Every structure is written in C-alpha cells, then in structure tokens.
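S.K.: Pasting a structure here, questions to come.
Right, here's the structure in full:
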C-alpha cells in the first residue's frame, strides 16, 4: 500500500523512487499496472535468528527455497510420532491451497538446485492431494499448455534470463493465467526493513499496523539504514550511528562494528548470503572497501546496513556417517512457511537450520543440521 500511495502521489515520491532504483523501466511499469494492484505473494518465509535478546527477523522471503524439503521432513518426523508444526501434511495442503485447481511450477536455471525438492513436492501433491488437481514442474520456458495457475520459482532480477518472461506478462495482461509471487520487484526489496524504521513513516506504520503490532515488530526487526551517498546538512547525523559520513563506519572499533551490509533484493547476489558482509568478520581495510562499494552501487543496486545479532548457542544431536549419535553446538535459524489463500493464512511448517558455532551466517551448508520444528504444547 505504501508503494502504491507513493506511485499515485499520495505519499512522498522518494519512497517508490527508492524501491524502483536499479529496476528495468518496463518491469517498473508492469508492476504499477492497476490490474495487479492487489496481487501479493501467497508464500512468505521470515528468517528468524534465535539470539540472547529473543527472536530477530533478518529476512522476509517471498520466493523461498525449502518448501519441498520441509514437507518431506515433516512427513518423516511425523511418522516417527513427532508433533511437527503444521502437521504431517501441512506443507502439502498449504501449498495446494495457493494454487486452486492445481498449477504449474516454473523453475529457472538459476534456481535449478531446488528442482528436486519441487519435483518431490509435485509427486506427493499428485498422489495425495487429489480433489481433481494436477501439479507439474517445468523449466521457465514458453509452453502452449500452461495451466491457469503458475507458481514462479525464480527471482525478479533473473527475468532477463527467463525466455518465458514476455509470454508470462502477455498472458497475465490478457487474464489467461495468474502468477504468484507477482512480478513485483518492489515487494522483494530488503529496503523495506529500513523504511520500517524511518521516522517520517512512523505514523503510516502505526496507522496501518496498529500500535500493538508496530511495537511487537520493532522488537524483532533489526534497525536498518539505506546506504544513501546523498550528503547530509552540517547539523544532521545518521540516526543511532551519530556520524555524518558513511565512510566514518570504517573507523569504528571491532566492538562497535556489530553491523552487516546487504545488497538490494534485485540482484543475483541477494540470495544464498552471497551479497552479505558481516563487519566483524573482515579487517578494517576490507570493511572500508565494502562500504565504498555499497555507496557506488546506490544507483543500480542499493544496499542496506543492519544491526547484526549473533545467534545464541544451542545443542542438537545428529547421526554421523557411522550411525553413531553426536552433539553439535551451533546457532539456529528458524524458517516458518506462511501460506495465504484469499483471506486465510496458515502455517505449513517450520524448518530449523543449525550450523556450527563458528559460522556467523546461517544457511544450508554441508555442516548444517536441517530439521523440522515441533510443538512444545
């Protein structure tokens, strides 16, 4: 809503200008089409880090991997008697609901590593979720037999490499198909975290969210800044940093550098932690270069700066290659999968990723434990 209000001139234009920065003009015009004004992603996966201070949300992913993996793990652990969140078939039923009547899943070459889990998902859906529905997985290329409902498993930044992109747009405009998540790069921006904290927008968030929700979100969304090279007036400083010039960050001591840089959502570096720089992990000289890069790329790939929260240490068991039981001391990321159909939102399942304690960034890696979360009630 905030983006649309800005596009229409009912909110400051700098909001939509910032969210559209670096996007192809044709795609910007397409996402602003009134025909798609109410289209929103039907899946949302927050990345939640367990810290000593509580749960911190570092990401909001509307094109998340792990859907089939979590569905598979839920099935395995439920069959062992575990009370998995979402239930044994929670992920399957929830995904089925967002494509009423069935549908096609289009997977790009960039996202090819996730194809096996999508193929497993489709196999299970077609076997167990009958009700006349049919699900298929295809490459993201033009086909004559697309079903009316399409789930795109590729990022908007990758559209230039998707041969089916123009056909998808044409069929969308003619109402022959629906596509989720919608082709709206503004909704995949990390910049939203910084917009949430901006003082000039506080009244908007309070009005839209209500005070209770706004206060609750302030506890879990890390303070974030847009790395904007525009010079500040002499009497102004960047909030909570108390500096006038971004390069002053390079002079911060190791203790003050509990910060992380993240590239915008419209970039091939925006997933898999490839566009993430943790300040405390690198020497001061490299940190200075990372800040310079973020400032230089503002026009094409805006970066955000976030307060960095280290995950707390937990213990979890795993089975070694020799079938013996071991304990891992590590840090946890929880990924709840929320599915929305019409006005109902359900939790399909929660994937926990546990990595060794010496890892700062938590994501799927050879050393990680991937396990479904269970209810403690």
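Numbering (my numbering), first residue to last: 390 to 766.
Idealized CB from N, CA, C, for every residue including glycine.
Being a predicted model, the structure only gives us computed values, none of them experimental.
1. Cβ of residue 412 within 8 angstroms of Cβ of residue 574?
2. Ignore the nearest five residues each way along the sequence and tell me which others in residue 567's own chain have a CB closer than 6 angstroms to its CB.
3. Helix, strand or coil for residue 824 per DSSP?
4. Between the beta-carbon of residue 445 and the beta-carbon of residue 609, is there less than 8 angstroms?
5. Starting from residue 721, follow the beta strand (DSSP E) in both directions and report where the run begins and ends.
6. CB-CB under 8 angstroms to residue 588, same chain, minus the five flanking residues each way: which ones, in chain order?
7. Which residue from 473, 631, 643 puts its Cα closest to that of residue 675?
8. Which residue marks the beginning of the beta strand (DSSP E) containing residue 823, and which one marks its end?
9. By the 10 Å Cβ neighbour count, where 16 or more other Cβ atoms means buried, how is residue 452 classified, buried or exposed?
10. Say whether the stretch 414-428 touches the stretch 720-732, bearing in mind that this needs 3 or more beta-carbon pairs closer than 8 angstroms, one atom from each stretch.
11. Of all Cβ atoms in chain C, is any one closer than 8 angstroms to the Cβ of residue 735?
12. Using 10 angstroms around the beta-carbon of residue 602, count the other beta-carbons present and answer buried if the total reaches 16, otherwise exposed.
13. Looking at the strands, I want to know which residues DSSP matches up with residue 439.
14. Cβ of residue 529 within 8 angstroms of Cβ of residue 496?
15. State whether the stretch 647-659 contacts the stretch 539-558, with contact taken as three or more CB pairs (one from each stretch) at a distance under 8 angstroms.
16. From the DSSP output, which residues share a beta bridge with residue 670?
17. Starting from residue 595, follow the alpha helix (DSSP H) in both directions and report where the run begins and ends.
18. By how many angstroms is the C-alpha of residue 581 removed from the C-alpha of residue 403?
19. State the start and end residues of the unbroken beta strand (DSSP E) segment that holds residue 466.
20. By the three-class DSSP mapping on this structure, what secondary structure does residue 542 have?
21. When we look at the beta-carbon of residue 463 and count the other beta-carbons within 10 Å, is it buried (16 or more) or exposed?
22. Less than 7 angstroms between C-beta atoms, sequence neighbours within five positions excluded: which residues of the same chain meet that for residue 687?
23. Assign residue 760 to buried or exposed, taking buried as 16 or more other Cβ atoms, counted over all protein chains shown, within 10 Å of its Cβ.
24. For residue 509, I'd like the list of residues in its chain whose CB is within less than 7 angstroms of its CB, leaving aside the five on either flank, ordered along the chain.
25. State the DSSP-derived secondary structure class of residue 756, mapped to helix, strand or coil.
26. What's the call for residue 559, buried or exposed, on a 16-neighbour Cβ count within 10 Å?
27. What residues are listed by DSSP as bridge partners for residue 613?
28. Looking only at its own chain, which residues have a Cβ that is under 7 angstroms from the Cβ of residue 579, when we skip the five neighbours before and after it?
29. With a 10 Å radius around its C-beta and 16 neighbouring C-beta atoms as the bar for buried, classify residue 467 as buried or exposed.
30. Which of the three DSSP states, helix, strand or coil, is assigned to residue 495?
31. Taking buried to mean at least 16 other C-beta atoms within 10 Å of its own C-beta, is residue 494 buried or exposed?
32. Suppose you measure from the CA of residue 498 to the CA of residue 590; what does that come to, to the nearest Å?
33. Sort out for me which residues DSSP pairs residue 704 with in a bridge.
34. For residue 608, does the three-state DSSP call read helix, strand or coil?
35. Residues in its own chain within less than 6 angstroms of residue 695 by CB, not counting five upstream and five downstream?
36. From this set, 407, 500, 414, 700, which residue's C-alpha is nearest residue 550's C-alpha?
M.R.: Taking the structure as given:
1. In the chain shown, counting from the first residue as 1, residue 412 sits at position 23. In the chain shown, counting from the first residue as 1, residue 574 sits at position 185. Yes, these two residues count as a Cβ contact at 8 angstroms.
2. Within the chain shown, the letter at position 178 stands for residue 567. Contacts found: 538.
3. The structure shown does not extend to residue 824, since the chain spans only 390 to 766, so no value can be given for it.
4. Your numbering for residue 445 matches position 56 in the chain shown. Your numbering for residue 609 matches position 220 in the chain shown. Cβ distance < 8 angstroms, so residue 445 and residue 609 count as in contact.
5. Counting from one through the chain shown, the residue named residue 721 turns up at place 332. Counting along the chain, the unbroken beta strand (DSSP E) around residue 721 starts and ends at 714-730.
6. As a working note, residue 588 is residue 199 in the chain shown. Cβ within range, chain order: 628.
7. In the chain shown, the residue the question calls residue 675 occupies position 286. That would be 643, whose Cα lies nearest to the Cα of residue 675.
8. The requested residue 823 does not occur in the structure, where the chain is confined to residues 390 to 766.
9. Walking along the chain shown from the start, residue 452 turns up at place 63. Buried, because 16 or more other Cβ atoms sit within 10 Å of the Cβ of residue 452.
10. Under the three-pair Cβ rule at 8 angstroms, the stretch 414-428 does not count as touching the stretch 720-732.
11. Protein chains in the displayed structure number just one, and chain C is not present.
12. As a first step, residue 602 is located in the chain shown; it is residue number 213 there, counting from the start. Per the 10 Å Cβ criterion, exposed.
13. Indexing the chain shown from 1 puts residue 439 at position 50. DSSP lists 444 as the bridge partner or partners of residue 439.
14. Translated into the one-based positions of the chain shown, residue 529 becomes position 140. Translated into the one-based positions of the chain shown, residue 496 becomes position 107. In this structure, the beta-carbon distance from residue 529 to residue 496 falls below 8 angstroms.
15. The stretch 647-659 is in contact with the stretch 539-558.
16. On the chain shown, residue 670 is found 281 positions in, with the first residue counted as 1. Partner(s): none; residue 670 has no beta bridge.
17. The sequence position of residue 595 within the chain shown is 206, counting from 1. That run of the alpha helix (DSSP H) goes 591-598.
18. The residue labelled residue 403 in the question sits at position 14 within the chain shown. The residue labelled residue 581 in the question sits at position 192 within the chain shown. Roughly 13 angstroms between the two C-alpha positions.
19. Translated into positions along the chain shown, residue 466 becomes position 77. Membership of residue 466 in any beta strand (DSSP E) is not indicated; the residue belongs instead to the alpha helix (DSSP H) covering 456-468.
20. Stepping through the chain shown from its first residue, residue 542 is reached at position 153. Here residue 542 sits in strand by DSSP.
21. If you number the chain shown from 1, residue 463 lands on position 74. Counting Cβ neighbours within 10 Å, residue 463 comes out buried, since at least 16 surround it.
22. Numbered from its first residue, the chain shown carries residue 687 at position 298. Non-local C-beta neighbours of residue 687 in its own chain, meaning closer than 7 angstroms and more than five positions away in sequence, comprise 616, 617, 618, ordered along the chain.
23. The residue given as residue 760 occupies position 371 in the chain shown. The residue in question, residue 760, is buried, as its Cβ has 16 or more Cβ neighbours within 10 Å.
24. For the purposes of this step, residue 509 is identified with residue 120 of the chain shown, where counting begins at 1. 457, 461.
25. Against the chain shown, residue 756 aligns to sequence position 367. Residue state, collapsed to three classes: coil.
26. The residue you call residue 559 lines up with position 170 of the chain shown. Result: exposed.
27. Within the chain shown, the letter at position 224 stands for residue 613. Bridge partners of residue 613: 695.
28. Start at 1 with the first residue of the chain shown, and residue 579 comes out as number 190. Once the five neighbours on either side are set aside, the close Cβ partners of residue 579 are 651, 653, 654, 693.
29. As a working note, residue 467 is residue 78 in the chain shown. In this structure residue 467 is buried. Its beta-carbon is surrounded by 16 or more other beta-carbon atoms within 10 angstroms.
30. In the chain shown, the residue the question calls residue 495 occupies position 106. Three-state DSSP puts residue 495 in a strand.
31. The count along the chain shown starts at 1 and reaches residue 494 at position 105. Label assigned to residue 494: buried.
32. In the chain shown, residue 498 corresponds to position 109, counting from 1. In the chain shown, residue 590 corresponds to position 201, counting from 1. Each residue's Cα considered, the two are about 39 angstroms apart.
33. Reading the chain shown from its first residue, position 315 is the one you call residue 704. Beta-bridge analysis with DSSP links residue 704 to 718.
34. What you label residue 608 is simply residue 219 of the chain shown in a count that begins at 1. In the structure shown, the three-state DSSP call for residue 608 is helix.
35. Reading the chain shown from its first residue, position 306 is the one you call residue 695. Only 611, 613, 649 meet the Cβ criterion.
36. For the purposes of this step, residue 550 is taken as the residue at position 161 of the chain shown. With distances taken between Cα atoms, residue 550 lies closest to 500.
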